[in-house]
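Engineer: Structure incoming, see below.
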Amino acid sequence: MSIRLGDTAPNFKVATTKGDIDFHEWIGDSWAFFFSHPADFTPVCTTEMGRTSQLNKEFDARNVKPIGLSTDTVEEHLKWIEDVNDTQGTDLQFPIIADPDLEVSKLYEMIHPGESETAAVRSVFIIDPNKKIRLTLTYPMSVGRNFDEILRVIDALQLGDAKKVATPADWKKGDDVIIPPSISNEQAKDIFPQGWDEIRPYLRKTKV
Ligand code: BEZ
1311 MSIRLGDTAP NFKVATTKGD IDFHEWIGDS WAFFFSHPAD FTPVCTTEMG RTSQLNKEFD
1371 ARNVKPIGLS TDTVEEHLKW IEDVNDTQGT DLQFPIIADP DLEVSKLYEM IHPGESETAA
1431 VRSVFIIDPN KKIRLTLTYP MSVGRNFDEI LRVIDALQLG DAKKVATPAD WKKGDDVIIP
1491 PSISNEQAKD IFPQGWDEIR PYLRKTKV
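For what it's worth, this note's numbering labels the leading residue of the sequence shown as 1311, then goes sequentially.
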């Protein structure tokens, strides 16, 4: 059974580098950036962990808690974090899940046997405070993720929730947004008193 957008994120209890957690309790009233990587002490993963830690203030500003996972143990994670801090010039504080028995990896379909029977691929789940899955991404083991895109999509999701808008291709914070087709022009007059530019009846752009 695949994990689809809008599903409730499967809950689990697990050991992490910051102690045992119940996933839903740990998310609390925040958003979660839940991401897996293949293995500790590997080069691409080391840069990704470092980048996530360097972006700590950006995640905080968006009320997002990062949490990593690999199929190694807490002890291995803790040793590796020292390397991440040394090589990436950071002070990694977010939890990393230990999943040596693949329980969480299998629950979230992070094991793609065509890639590896034992290591997770690079999965991303953005989960909102209602514990709903809002975004999924899957990257291969050899390609590091784009963390600007992770922040961009979180901004788009949060803006969409707050202002009832959609965002166009390559949208960045501050750009014009789209009035979704589900909102009629009559309704739009109340929601978007600033008005809009009607390029087509189905393509209306506004500022927020
Ligand atoms: C890496 O993090 O560098 C990596 C891990 C597993 C396979 C390929 C690359």
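Note that beta-carbon positions come from the ideal geometry of N, C-alpha and C, so glycine has one too.
Hey, how far is the Cα of residue 1451 from the Cα of residue 1431?
Structural biologist: Taking the straight line from one Cα to the other gives about 6 angstroms.
Engineer: Closer than 7 angstroms to a non-hydrogen atom of the ligand BEZ - does that hold for the CB of residue 1397?
Structural biologist: Result no, Cβ not under 7 angstroms from the ligand BEZ.
Engineer: When you measure from the CB of residue 1477 to every non-hydrogen atom of the ligand BEZ, does any distance come out below 7 angstroms?
Structural biologist: No, since every heavy atom of the ligand BEZ falls outside the 7 angstroms radius drawn around the Cβ of residue 1477.
Engineer: Using only Cβ atoms and a threshold of 6 angstroms, which residues come within that distance of a heavy atom of the ligand BEZ? Order them by chain position.
Structural biologist: That gives 1348, 1349, 1352, 1353, 1354, 1355, 1451, 1452.
Engineer: Can you list, in chain order, the stretches of the beta strand (DSSP E) that have 3 or more residues and sit fully within the segment 1412-1463?
Structural biologist: Complete beta strand (DSSP E) runs here, min 3: 1432-1437, 1443-1449.
Engineer: For residue 1321 and residue 1489, I'd like the C-alpha separation in whole angstroms.
Structural biologist: Those two C-alpha atoms are separated by around 34 angstroms.
Engineer: Inspect the beta-carbon positions of residue 1402 and residue 1363 and report whether they are closer than 8 angstroms.
Structural biologist: Yes; because the gap between Cβ atoms is below 8 angstroms, this pair is in contact.
Engineer: Do you know offhand how far residue 1348's Cα is from residue 1380's?
Structural biologist: One C-alpha to the other measures close to 6 angstroms.
Engineer: Looking at C-alpha atoms only, which residue of 1405, 1404, 1424, 1429 is the closest neighbour of residue 1412?
Structural biologist: For the residues 1405, 1404, 1424, 1429, the minimum Cα distance to residue 1412 belongs to 1429.
Engineer: Alpha carbon to alpha carbon, what distance is there between residue 1499 and residue 1424?
Structural biologist: Answer to the nearest angstrom: the Cα atoms are 52 angstroms apart.
Engineer: Just how far apart, CA to CA, sit residue 1486 and residue 1375?
Structural biologist: Roughly 28 angstroms separates the two Cα atoms.
Engineer: As a quick exercise: from 1346, 1458, 1518, pick the residue whose alpha carbon is nearest that of residue 1416.
Structural biologist: For residue 1416, the nearest C-alpha among the options comes from 1346.
Engineer: Within 10 angstroms of the Cβ of residue 1408, are there 16 or more other Cβ atoms? Answer buried if so, exposed if not.
Structural biologist: So residue 1408 counts as buried.
Engineer: Identify the continuous beta strand (DSSP E) that holds residue 1378 and give its terminal residues.
Structural biologist: Run containing residue 1378: 1374-1380, per the beta strand (DSSP E) assignment.
Engineer: Among all the DSSP beta bridges, which residues are the ones paired with residue 1371?
Structural biologist: Beta-bridge pairing links residue 1371 to no other residue.
Engineer: Give me, in chain order, the residues of the same chain whose beta-carbon lies closer than 8 angstroms to that of residue 1493; leave out the 5 immediate sequence neighbours on both sides.
Structural biologist: Cβ within range, chain order: 1474, 1501.
Engineer: By the three-class DSSP mapping on this structure, what secondary structure does residue 1329 have?
Structural biologist: Of the three classes helix, strand and coil, the one that applies to residue 1329 here is strand, per DSSP.
Engineer: Work out the CA separation of residue 1422 and residue 1360 for me, nearest whole Å.
Structural biologist: Their Cα atoms are separated by approximately 25 angstroms.
Engineer: Can you give the Cα-Cα distance for residue 1355 and residue 1454, rounded to whole angstroms?
Structural biologist: Using only the alpha carbons, I get a separation of about 7 angstroms.
Engineer: Just how far apart, CA to CA, sit residue 1522 and residue 1367?
Structural biologist: Past the boundaries of the shown model lies residue 1522; the chain is included only from 1311 to 1518, so the question cannot be answered.
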